[in-house]
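Here's the structure we're looking at; comments come further down.
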Amino acid sequence: MEDRALKLSDLTILIALPIILFQVFQYMEVENPIYIWDYKAYWLTWENFSQMAVHAPWHWVKANLASINGSDYNTSPISVLFPFYFIGIGSRLEYVLGLSLFYLLPIVYLTAAIFDRLKPGQSRLWQGVIVLATTAYAPFWKPILRGYPDDVGLIAIMLAILYVLRTDLTGRIRPKTILMLGILMWMPFLLRRWYAYTVVSLYMTMPFLNFMLFSGQEKSKLVQFKNVAGHFVGAGIVSIVFAIIFQLSLLRRIVGTNYSYIYSAYQTDFQTSLHYMLHDGGLYMLPFFCVGAIWSMSRTRSPAKNFCLFSAANLFISFILFTRTQSPGMQHCLPFSMWVLFTSLFGFRWLLDLIRNGAAQRAVMRLAAVTLLLIFMATFNRVQGRAMLVNDYMPSKLYPLHLDNFQNYRTMADTLEKLASGDDRILVLSSNDILSDDLVSTLTHGRIDSHLVYASQVDLRDRLRLTEFMARYVVVADPIQIHLHPEGQRVIAIPAQEILSGRGIGAAYRRTDMAFHLSNNVTATIFEKIRPFTPDEAERFIKEFVDFYPDWKGAYSTPLSESYLTANIARGDIWGAFDLGFNGEAIVAHPGEHSPTIVDWYFGTLHELAFRSTNTRCPTADGVTIQLAQGDGAPIRIEVPNGGTREVDVSALAGKTGRVVIDKNGNSACDEVEITAR
Numbered sequence: 001m002e003d004r005a006l007k008l009s010d011l012t013i014l015i016a017l018p019i020i021l022f023q024v025f026q027y028m029e030v031e032n033p034i035y036i037w038d039y040k041a042y043w044l045t046w047e048n049f050s051q052m053a054v055h056a057p058w059h060w061v062k063a064n065l066a067s068i069n070g071s072d073y074n075t076s077p078i079s080v081l082f083p084f085y086f087i088g089i090g091s092r093l094e095y096v097l098g099l100s101l102f103y104l105l106p107i108v109y110l111t112a113a114i115f116d117r118l119k120p121g122q123s124r125l126w127q128g129v130i131v132l133a134t135t136a137y138a139p140f141w142k143p144i145l146r147g148y149p150d151d152v153g154l155i156a157i158m159l160a161i162l163y164v165l166r167t168d169l170t171g172r173i174r175p176k177t178i179l180m181l182g183i184l185m186w187m188p189f190l191l192r193r194w195y196a197y198t199v200v201s202l203y204m205t206m207p208f209l210n211f212m213l214f215s216g217q218e219k220s221k222l223v224q225f226k227n228v229a230g231h232f233v234g235a236g237i238v239s240i241v242f243a244i245i246f247q248l249s250l251l252r253r254i255v256g257t258n259y260s261y262i263y264s265a266y267q268t269d270f271q272t273s274l275h276y277m278l279h280d281g282g283l284y285m286l287p288f289f290c291v292g293a294i295w296s297m298s299r300t301r302s303p304a305k306n307f308c309l310f311s312a313a314n315l316f317i318s319f320i321l322f323t324r325t326q327s328p329g330m331q332h333c334l335p336f337s338m339w340v341l342f343t344s345l346f347g348f349r350w351l352l353d354l355i356r357n358g359a360a361q362r363a364v365m366r367l368a369a370v371t372l373l374l375i376f377m378a379t380f381n382r383v384q385g386r387a388m389l390v391n392d393y394m395p396s397k398l399y400p401l402h403l404d405n406f407q408n409y410r411t412m413a414d415t416l417e418k419l420a421s422g423d424d425r426i427l428v429l430s431s432n433d434i435l436s437d438d439l440v441s442t443l444t445h446g447r448i449d450s451h452l453v454y455a456s457q458v459d460l461r462d463r464l465r466l467t468e469f470m471a472r473y474v475v476v477a478d479p480i481q482i483h484l485h486p487e488g489q490r491v492i493a494i495p496a497q498e499i500l501s502g503r504g505i506g507a508a509y510r511r512t513d514m515a516f517h518l519s520n521n522v523t524a525t526i527f528e529k530i531r532p533f534t535p536d537e538a539e540r541f542i543k544e545f546v547d548f549y550p551d552w553k554g555a556y557s558t559p560l561s562e563s564y565l566t567a568n569i570a571r572g573d574i575w576g577a578f579d580l581g582f583n584g585e586a587i588v589a590h591p592g593e594h595s596p597t598i599v600d601w602y603f604g605t606l607h608e609l610a611f612r613s614t615n616t617r618c619p620t621a622d623g624v625t626i627q628l629a630q631g632d633g634a635p636i637r638i639e640v641p642n643g644g645t646r647e648v649d650v651s652a653l654a655g656k657t658g659r660v661v662i663d664k665n666g667n668s669a670c671d672e673v674e675i676t677a678r
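For the sequence shown, UniProt numbering begins at 1 and goes up steadily by one.
Written as structure tokens, this is what we have:
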């Protein structure tokens, strides 16, 4: 068996490794460096953790454990790739190469090992077809080429499958087996939270698979199934215990979060989700999948048929569970596509076995191998700029990232970099691959990040960050650019439309002559805010969102939020801040090192303000000074000691425009102040 496994690994390396190396190198060579959102975030996190692994290894361990404990998408799958950081061929190329070699190559081997276990003694040519089919399978490549590490979850799933295929659980219950099975079943969730749906599906179906594979006549069927069920119940407890030990903070957040609600902008109907999943791998797979599914339900049973039925059942269950929360993206299609691949390969094998002539069989397998390679190349590559094999039966394309009019993008980035000076901030009201704040950050190599105000993009996930409307410059795309359906991205569409039209809050902006023709006939224009919003503009703007989302009223239809929107803020140097919190309940303010933070705003219906010093960690802290005034009236001056709270009656300023000055005393140490309305 070891010799056969070694031969299988040799075959995997011989076929898969050259394809992986060729595809990664040529794909990255022609790609524009325009990475945004997760495409960039995972890559930059990998860079940081790679440096940490060398210079502060113990901190690397602690940072990973902290991420595993509390992060929805923890760093462990990318941080372990740190050896690739030191190859010296370019950071992005090193990262994608690491993902493909560390994750795709094992997936190819494990797939071949699963089929070898189910049908041992198959010809080397058939094994080669399995290796090639897995290596060239588009859904396994798409997340990797965009920088997602989510393929790692498939390795954990396949290891669990192999363990169940090799381990007879119908006998007496063994604690070591329970422990191993529980850890393997927990691993997909450990590596990526959204694999939870597949883990649930596996716990529902794996006991039946093991029972069908190993049940014999020497014992009662009921006793054997009870033993199998006992192993999986124990494994489930182990999985839960390990999740509690290592991921308690994440579990608490999951229990308290309605993901179906906050991800509703990512939700489409079932038909659209099914269409996306099927086209991710290509409709050409569907006939083979159907043949495999029908073959798996035929009367005579075999390990291969049982596994094929198991794969089809998992596809159905996990897809239903997942799409109840959100529609799948390319990374979420990974487990679904895996089940499709398994079932389709069995369907193809059954059709192949109908051919009695050995030479004809071999010819068909060779033809299939060439066809798979052509489909793979056409999915990810153009030939002399032209797309190949474009039809509904092929996998959806994923070409290297490219933007038309790329020089205009560079000009826009240079212009924004020149505008980013002093305390001025920049807001980009656009959220797709044609224009976004993250794209601007990438184009400027992060040089203006301290001036970028990252916009809310998805209504129920991000809500409305009022601080973004304090930016002096706003970049708006025409037509307005969003990446989801409009009903889920009103936080982009409403302010962008008002600024483009000059109505509502848009009346506070002037259109500059700085406009840039981008891809897809999109024009990006820079607007400058020339005055604060009026009280009426602020109130009407908030009401637009509260009408759509009544539960936002408590956070936004408040005197503090409405006054904040009318503010003209001059932040103090270095440390200066005056930002409204996410829930609209408090403003976090800080004086500057050499100059105070000064705010002119409309007091509206504010009657009492509370100023609380929140940071008590500095032994030299001496509190802050607050001044409130209206017009030429005598200012109200108060001292807020470090760690203390002062409440001020501002009813005399209600309905008037006034000034708030936040200044340090002797030093600015720990001078953060939280401002709330009473």
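No residue lacks a Cβ here, since even glycine has one placed at the ideal position from N, Cα and C.
Residue i, buried or exposed, once every other Cβ within 10 Å from all chains shown has been counted against 16
{"i": "residue 682", "result": "Absent from the structure is residue 682, since the part of the chain shown begins at 1 and ends at 678."}
{"i": "residue 297", "result": "exposed"}
{"i": "residue 25", "result": "exposed"}
{"i": "residue 4", "result": "The predicted position of residue 4 is uncertain, since its pLDDT is 47 and thus under 50; a value taken from the coordinates is nonetheless stated next. By the 10 Å Cβ count, residue 4 comes out exposed."}
{"i": "residue 370", "result": "exposed"}
{"i": "residue 679", "result": "Any property of residue 679 remains undetermined from this structure, which presents the chain solely from 1 to 678."}
{"i": "residue 2", "result": "Below a pLDDT of 50, predicted positions are generally treated as unreliable, and residue 2, at 42, falls in that range; the measurement from the model is reported next regardless. Residue 2 should be labelled exposed."}
{"i": "residue 491", "result": "buried"}
{"i": "residue 272", "result": "exposed"}
{"i": "residue 590", "result": "buried"}
{"i": "residue 333", "result": "buried"}
{"i": "residue 571", "result": "buried"}
{"i": "residue 64", "result": "buried"}
{"i": "residue 210", "result": "buried"}
{"i": "residue 6", "result": "Interpretation of residue 6 is limited by its pLDDT of 48, a score under 50 that renders its predicted location unreliable; the figure taken from the coordinates is listed afterwards. Exposed, by the Cβ-count rule."}
{"i": "residue 218", "result": "exposed"}
{"i": "residue 348", "result": "buried"}
{"i": "residue 522", "result": "buried"}
Assumed close pair residue i, residue j - CB separation to whole angstroms, cut-off 8 Å
{"i": "residue 609", "j": "residue 675", "result": "6 Å"}
{"i": "residue 248", "j": "residue 193", "result": "So it is not a contact: roughly 14 Å between Cβ atoms."}
{"i": "residue 107", "j": "residue 134", "result": "7 Å"}
{"i": "residue 459", "j": "residue 488", "result": "6 Å"}
{"i": "residue 658", "j": "residue 603", "result": "5 Å"}
{"i": "residue 575", "j": "residue 592", "result": "6 Å"}
Enclosing alpha helix (DSSP H) for residue i [first to last residue]
{"i": "residue 627", "result": "That residue, residue 627, is in no alpha helix (DSSP H); its beta strand (DSSP E) goes 624-629."}
{"i": "residue 246", "result": "221-255"}
{"i": "residue 313", "result": "303-323"}
{"i": "residue 601", "result": "Run containing residue 601: none in the alpha helix (DSSP H); it sits in the beta strand (DSSP E), 597-602."}
{"i": "residue 562", "result": "559-565"}
{"i": "residue 345", "result": "333-353"}
{"i": "residue 117", "result": "105-118"}
{"i": "residue 388", "result": "Residue 388 -> no alpha helix (DSSP H), and no H or E assigned at all."}
{"i": "residue 177", "result": "175-191"}
Residue interval of the beta strand (DSSP E) (run including residue i)
{"i": "residue 650", "result": "Residue 650 -> no beta strand (DSSP E), and no H or E assigned at all."}
{"i": "residue 611", "result": "608-613"}
{"i": "residue 568", "result": "568-570"}
{"i": "residue 551", "result": "Neither: residue 551 is in no beta strand (DSSP E) and is coded neither H nor E."}
{"i": "residue 584", "result": "It is not in any beta strand (DSSP E) - residue 584 carries neither H nor E in the DSSP assignment."}
{"i": "residue 658", "result": "657-664"}
{"i": "residue 573", "result": "Counting along the chain, residue 573 falls outside any beta strand (DSSP E), and DSSP gives it neither H nor E."}
| task | Pick out the complete alpha helix (DSSP H) segments inside the segment 68-94, 4 residues or longer, and give them in chain order. | result | 76-79
| Are the segment 461-473 and the segment 417-436 touching, with three or more C-beta to C-beta distances below 8 Å? | yes
| Cβ pair count under 8 Å reaching 3, the segment 562-572 against the segment 622-641 | no
| Taking contact to mean at least 3 C-beta pairs separated by less than 8 Å, is the segment 105-117 in contact with the segment 219-233? | no
| Below 8 Å, can you find three or more Cβ-Cβ pairs linking the segment 88-98 to the segment 20-38? | yes
| message | Using a Cβ distance threshold of 8 Å, determine whether the segment 168-183 contacts the segment 229-246, with at least three qualifying pairs required. | response | yes
| the segment 656-665 / the segment 615-625 touching (three or more Cβ pairs under 8 Å) | yes
| Cβ contact check for the segment 405-421 and the segment 47-61: 3 or more pairs under 8 Å | no
| request: Answer yes if the segment 349-361 comes into contact with the segment 161-174, meaning at least three C-beta pairs across the two stretches below 8 Å, and no otherwise. | output: no
| field | Any 3 or more C-beta pairs closer than 8 Å across the segment 506-518 and the segment 530-545 | value | yes
| said: Suppose only complete runs of 4+ residues qualify. What are the alpha helix (DSSP H) ranges in the segment 37-70, listed by chain order? | reply: 37-55, 57-70
| query | With contact counted as at least three CB pairs below 8 Å, one residue from each stretch, are the segment 380-395 and the segment 437-444 in contact? | reply | no
| task | Scan the segment 404-468 and note each continuous beta strand (DSSP E) run of 3 residues or more that stays entirely inside, going in chain order. | result | 426-429
| the segment 251-262 / the segment 270-286 touching (three or more Cβ pairs under 8 Å) | no
| query | Between the segment 74-90 and the segment 36-46, do three or more beta carbon pairs fall short of 8 Å? | reply | yes
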